[in-house]
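Structure, as structure tokens:
Now the structure itself:
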């Protein structure tokens, strides 16, 4: 097993070397403009944690002042089973996170913005005012996580049927809850109604 | 009594099969999407008689030109599309949920089925994200094998586009030609991985196997065949007056609209933005060591999107030929016993190997807690994977940034003011893969 340990140590060292980018200039500027935001580097990638009331303003600031002209991705995360997770100092971990990955075509930089969303009040301001492309990903996040986006022009289900109950990517949503037809005789209400 | 039951049953079935409200909702004021508006309509040089009536038409989800199960709600004024709302989700199978149930070693089988026309890119981006969290460095040969397969996959995917695009616009011989050459590429995939699609060949830590003996000759033969084909397609379509009439100036999107809507890939490059993640300095594949051009044009119409993809086949062939020349020797998987299972033979000889094998295939390897976003340039654009690990052997969250999902979002913009007949050409030029859109 000694060999394994050395391999892992080497991997750890390599990883630490990889994770030493120069301090990200956008993170520094963000810390100055948004003092409540928590800047952080996750495995070498710049990440910033924002409060919900600063979420839309921050996106506007990134878009207008920092050249982040494209919203690459927006998704939700449910940390229900992972409540004791490690978060940077100054961040209150909540059940849900809304994660936006932003890209600049101007200087090629990337930035990940994360907003902690409490389970009791899962509402986040929409980013569609700044990035019209947030339309579908926010609908998808609403559909799968039940996180509502305040101010979204058309917040409806997108992947699931409109009358679907529940939000399947929540960790407490039972995946096999849908009744299955044709599982044994008399299994469906229809068969029961017919007296079979 | 029986009638009563049947009536109630009828109501129940009606409720079950009801797809909900069918009208296009009016968007909240102040949120005019780029796809809305456009009411002026000119038909054969004459102003259409003024009328308040427009018609809502459902196109799809089973229309052959909707590339699977895309449904478009079109608001028509005569032949002109005023508004369009794409309805997706018909192919939603909860693959992101499934990804949370599978270990990192099994995850490749799941992601490879998302964008089924470019499975290698899906596998690569998932493997790269997991490797980034693990902090392991993949051997050079594995990275080059990945690049070789990804570029061949780009060729096969663009050939699929050319075939279906030709078929949608009416050049049916193009369909046969495209599939003829694509078949050769798939045959090579079968020789390497054993499967034509959904390979699960690119694993966390490297690839499943080394390239087979004589792969250089096979690849060179495929490249020659594809290049012969490209010259044929070029002669058949590029200066064909019917083709030009159907595609030039159709489905125009500007660079600003494309960036605002998150559009990437050939559609973005057709608007004059030379954005290609293969050129990115943090590209996980060794694209910096090969010579190729990023193709981009200025017009943003269907013709440019066709021309970019045709030219990208040539560039991919260039990369593949350089892979044949420069393929390094060495391991094809990282030699880390905690990630890579031991060879079968070692299991009979070594207790440790047996333990590792057992642990890797029952529990799987544990990935340190953390989160990462990795992206590669798939044939359709930026394919990203956002991976959250909670320190166990299964991802806490596995989200795939599907390029088709964002590209399809721009469809209303491209369709604004277009004719219904052109909508088929425009949908086709987006090259959506519904498995990727719906996941």
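Chains as they are written, first to last, in the working numbering: chain A, 412 to 607; chain B, 599 to 1037. Glycine included, every Cβ here is placed at the ideal spot set by N, Cα and C.
What did DSSP end up calling residue 822 of chain B once you bin it into helix, strand or coil?
-> Helix at residue 822 of chain B.
In chain B, which residues lie with their C-beta within 8 Å of the C-beta of residue 456 of chain A?
-> The contact set of residue 456 of chain A on chain B, defined by CB atoms closer than 8 Å, consists of 970, 971 in chain order.
Exposed unless 16 or more other CB atoms sit within 10 angstroms - verdict on residue 1005 of chain B | Buried, since its Cβ has 16 or more Cβ neighbours within 10 Å.
By the 10 Å Cβ neighbour count, where 16 or more other Cβ atoms means buried, how is residue 859 of chain B classified, buried or exposed?
-> Buried, since its Cβ has 16 or more Cβ neighbours within 10 Å.
Could you pull out every residue in the same chain whose Cβ sits closer than 7 Å to the Cβ of residue 891 of chain B, ignoring the five residues on either side in sequence?
-> Only 913 meet the Cβ criterion.
Can you have a look at residue 943 of chain B and say buried or exposed, based on whether 16 or more other CB atoms are within 10 angstroms of its CB?
-> Counting Cβ neighbours within 10 Å, residue 943 of chain B comes out exposed, since fewer than 16 surround it.
Decide if the segment 683 to 693 of chain B is in contact with the segment 931 to 942 of chain B; the criterion is three or more beta carbon pairs, one per stretch, under 8 Å apart.
-> Contact fails: fewer than three Cβ-Cβ distances are below 8 Å.
From the DSSP output, which residues share a beta bridge with residue 489 of chain A?
-> Under DSSP, the beta-bridge partners assigned to residue 489 of chain A are A:507.
Return the residues of the segment 684 to 718 of chain B that lie within a Cβ-Cβ distance of less than 7 Å from chain A, sorted by chain order.
-> When CB distances to chain A are screened at a threshold of 7 Å, the residues of the segment 684 to 718 of chain B falling below it are 686, 687, 690, 692, 694, 695, in chain order.
CB contact check: residue 1003 of chain B to chain A, cutoff 8 Å | Cβ-Cβ to chain A under 8 Å: yes for residue 1003 of chain B.
Exposed or buried, what is residue 1010 of chain B when buried is set at 16 or more other beta-carbons lying within 10 Å of its beta-carbon?
-> So residue 1010 of chain B counts as buried.
If you count every other CB in all the chains shown that lies within 10 Å of the CB of residue 949 of chain B, and 16 or more means buried, which is it?
-> When all chains shown are included, residue 949 of chain B counts as exposed.
Residue 571 of chain A: contacting residues in chain B (beta-carbon distance under 7 Å) = Near residue 571 of chain A (Cβ distances below 7 Å), the residues of chain B are 687, 690.
Closest Cβ-Cβ distance between residue 677 of chain B and chain A: below 8 Å?
-> Answer no: the Cβ-Cβ gap between residue 677 of chain B and chain A never drops below 8 Å.
Exposed or buried, what is residue 420 of chain A when buried is set at 16 or more other beta-carbons lying within 10 Å of its beta-carbon?
-> The pLDDT assigned to residue 420 of chain A is 48, lower than 50, so where the model puts this residue is not dependable; a value taken from the coordinates is nonetheless given after this. Classification of residue 420 of chain A: exposed, given that the 10 Å Cβ count is below 16.
How would you list, in chain order, the residues of chain B whose beta-carbon sits under 7 Å from the beta-carbon of residue 561 of chain A?
-> Chain-order list of chain B residues neighbouring residue 561 of chain A: empty, with the shortest C-beta distance near 11 Å, by a criterion of under 7 Å.
Between residue 664 of chain B and residue 917 of chain B, what straight-line distance do the alpha-carbon atoms span, to the nearest angstrom?
-> If you draw a straight line from the Cα of residue 664 of chain B to the Cα of residue 917 of chain B, it is about 32 Å long.
So, is the C-beta of residue 392 of chain A closer than 8 Å to a C-beta in chain B?
-> Outside the shown range of chain A (412 to 607) lies residue 392 of chain A, about which nothing can therefore be said.
Determine whether the Cβ of residue 461 of chain A lies closer than 8 Å to any Cβ atom of chain B.
-> With respect to chain B, the C-beta atom of residue 461 of chain A has no partner C-beta closer than 8 Å.
Kindly provide the ranges of any beta strand (DSSP E) runs that are 3 or more residues long and lie completely inside the segment 496 to 554 of chain A, ordered along the chain.
-> As far as the segment 496 to 554 of chain A is concerned, its whole beta strand (DSSP E) runs of at least 3 residues are 507 to 514, 521 to 528, 534 to 536.
Expressed to the nearest angstrom, what Euclidean distance is found between the alpha-carbon atoms of residue 946 of chain B and residue 952 of chain B?
-> When rounded, the distance between both Cα atoms is 8 Å.
Chain A partners of residue 859 of chain B, CB-CB under 7 Å?
-> Within 7 Å Cβ-Cβ: 543, 544.
Is residue 473 of chain A buried or exposed, if buried means 16 or more other CB atoms sit within 10 Å of its CB?
-> With 16 or more Cβ atoms within 10 Å of its Cβ, residue 473 of chain A is classed as buried.
Three-state secondary structure assigned by DSSP to residue 706 of chain B = Of the three classes helix, strand and coil, the one that applies to residue 706 of chain B here is helix, per DSSP.
Does any CB atom of chain A fall closer than 8 Å to the CB of residue 830 of chain B?
-> By this cut-off, residue 830 of chain B is not an interface position.
Measure from the alpha carbon of residue 730 of chain B to the alpha carbon of each residue in B:988, B:818, B:968, B:961, then state which is nearest.
-> Residue B:968 is the option with its Cα nearest to residue 730 of chain B.
Determine whether the Cβ of residue 506 of chain A lies closer than 8 Å to any Cβ atom of chain B.
-> Between residue 506 of chain A and chain B, the shortest Cβ-Cβ separation is not below 8 Å.
If you compare alpha carbons, which of A:519, A:455, A:440 is closest to residue 872 of chain B?
-> It is A:519 whose Cα lies nearest to the Cα of residue 872 of chain B.
Classify residue 440 of chain A as helix, strand or coil using the three-state DSSP reduction.
-> In this structure, residue 440 of chain A counts as helix in the three-state DSSP scheme.
Ordered along the chain, which non-local residues of its own chain (more than five positions away) have a Cβ less than 7 Å from that of residue 903 of chain B?
-> Excluding sequence neighbours, residue 903 of chain B sits near 864, 865, 868, 1027.
According to DSSP, which residues form a beta bridge with residue 976 of chain B?
-> In the DSSP assignment, the residues bridged to residue 976 of chain B are B:979.
By DSSP, does residue 479 of chain A sit in helix, in strand, or in coil?
-> Residue 479 of chain A: coil per DSSP, three-state reduction.
Below 7 Å CB to CB, which residues in the same chain sit around residue 640 of chain B once its five sequence neighbours on both sides are set aside?
-> Low local confidence applies: a pLDDT of 37 at residue 640 of chain B is under 50, so the model's placement there is unreliable, with the coordinate-based value given in what follows. If we look at residue 640 of chain B and ignore the five residues flanking it on each side, it has no Cβ neighbours.
Residue 1008 of chain B versus residue 979 of chain B - alpha carbon distance = One Cα belongs to residue 1008 of chain B, the other to residue 979 of chain B, and the distance between them is close to 13 Å.
For the segment 539 to 557 of chain A against the segment 566 to 580 of chain A, are there 3 or more C-beta pairs whose distance is under 8 Å?
-> Yes, they touch.
Can you tell me the Cα-Cα spacing of residue 635 of chain B and residue 494 of chain A, whole angstroms?
-> For residue 635 of chain B, the predicted model reports a pLDDT of 44, less than 50, meaning its position is unreliable; a value from the coordinates is still stated below. Taking the straight line from one Cα to the other gives about 46 Å.
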